[in-house]
Structures are given as C-alpha cells and as structure tokens.
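Chains as they are written, first to last, in the working numbering: chain A, 1 to 111; chain B, 112 to 225.
C-beta: ideal position from N, C-alpha, C; glycine also.
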C-alpha cells in the first residue's frame with residue numbers, strides 16, 4: 001500500500017530553525033519531493049532527493065534515508081512568509097511520474 | 112513563458128450540471144498531470160498525459176470524468192453530472208522529460224457544486 005505521514009501542524013518563531021519530518025511506505029521509490037503551498041495557491045517546488053543524504057538550497061535543506069523511508073525538510077532563519085503548508089510527495093518507480101502526496105504540514109511562524 | 116495556466120479559476124455549478132476545465136502547460140513540457148485537492152489534504156493524482164496519450168488514470172477518475180489532450184498541448188478535464196462530492200480544487204501540473212522531472216503546478220480551478 002501507499003502511506004505518507006507528516007505532522008499536521010507545527011509552530012515556530014521568526015529567525016529560528018524548524019524540521020518537518022516525513023515517513024513513507026510506497027510500492028517502489030523513484031524520488032521524494034517537497035513542495036510549499038500557501039493558502040489558496042498552487043504548490044511550488046522546493047526540493048528533490050533521490051539518493052540518501054542532504055540537499056541544500058539556500059535556507060532550505062532536505063534529507064533522505066531510503067532504508068528508513070524517511071525524509072525531512074529543514075528551514076533556517078525562518079521568516080513570516082514561510083508560514084504555509086509543506087507537502088511531502090513520493091514518486092513511485094515503474095510508474096509514469098505521478099506523485100503520491102502526504103496531507104501536508106501547516107507551519108505557522110510567529111514573531 | 113509565465114508558467115502553467117488554468118481556466119476558469121473558480122466555478123460554481125448546480126448538482127447534475129457538466130463542467131469543463133482547461134489547462135495550458137508550460138511550453139515544451141510534454142508531460143501533463145491532473146490532481147484533485149480537498150481542504151486539509153494533499154493533491155490526489157487523477158490522470159497523466161505524455162504528449163497526447165493518456166497513459167494513466169486513477170481509480171478516483173470515475174466514468175463521469177474525462178480528460179483529453181488532443182494536440183499534445185492544452186488539456187481539458189470534464190466532469191459530467193456533477194455531485195457535491197466533486198467540490199475541490201482541481202490542479203494541473205506539467206513537467207519536462209529531462210532533469211529532475213519536477214512538476215510545476217498551475218493556480219488551480221476551485222469547483223463548488225451546490
């Protein structure tokens with residue numbers, strides 16, 4: 001079966017660091033994506049991991065452990081505009097690139 | 112190119128009516144996807160096109176739903192005999208065959224069935 005779990009909500013303080021975890025169980029694996037989605041808007045691509053390890057992109061980093069079925073998104077130097085939902089999505093192997101999304105983590109950044 | 116566009120952005124219809132949505136992908140993106148998203152959930156895959164060929168359909172796509180991409184460019188998603196449970200955001204995404212294949216999403220069409 002397919003199962004992607006991430007916390008429903010998180011809160012953090014402006015300027016701080018927050019880590020959003022994602023665990024997955026899917027039929028095959030061909031990459032993990034993180035998307036950001038502000039309320040009422042479309043998801044926007046943040047990061048992609050297909051090999052184990054850390055990928056860094058400015059204030060955002062994403063980590064993957066395929067053996068553990070685990071990923072996290074790390075956001076540094078939080079800003080108010082980072083308040084959004086963060087979606088973890090897995091691309092299964094053998095398919096046509098469709099993404100299986102988790103329900104998303106709503107992050108609220110407070111001053 | 113300004114990205115993926117969708118039309119209309121909002122649609123309110125009465126139960127039993129038919130609706131059609133349009134998606135224009137990023138040019139040179141031969142892969143096109145439709146997803147449905149309800150409040151508090153992540154997007155759920157509906158269907159996938161590579162050029163004009165519809166290669167995969169989700170079980171979520173009942174026989175009331177049909178999607179086309181006749182010339183391998185824009186796509187349409189039609190819902191016949193709408194039901195209140197069809198109320199959702201319908202998202203279109205496209206991707207290029209090279210690179211990481213990240214999907215770029217359009218702004219979505221929010222459907223409300225009364």
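- Per the coordinates, the alpha-carbon of residue 123(B) lies some 14 Å from the alpha-carbon of residue 189(B).
- Around the beta carbon of residue 129(B), fewer than 16 other beta carbons lie within 10 angstroms, which makes this residue exposed.
- Ranked by Cα distance from residue 53(A), the first of 46(A), 64(A), 59(A) is 64(A).
- If you keep only unbroken beta strand (DSSP E) runs of at least 3 residues inside the stretch 114 to 146 of chain B, you get 116 to 118, 121 to 124, 130 to 135.
- Positions of the beta strand (DSSP E) runs, each at least 3 residues long and wholly inside the stretch 63 to 100 of chain A, are given as 70 to 75, 84 to 91 in order along the chain.
- By the neighbour-count definition (other C-beta atoms within 10 Å, threshold 16), residue 16(A) is an exposed residue.
- Take residue 136(B), set aside five residues on each side of it, and the residues of its chain with a beta-carbon closer than 6 Å to its own are 115, 143, 205, in chain order.
- Looking at the backbone, the Cα of residue 221(B) and that of residue 131(B) are separated by about 12 Å.
- In the three-state DSSP reduction, residue 53(A) falls in the strand class (E or B).
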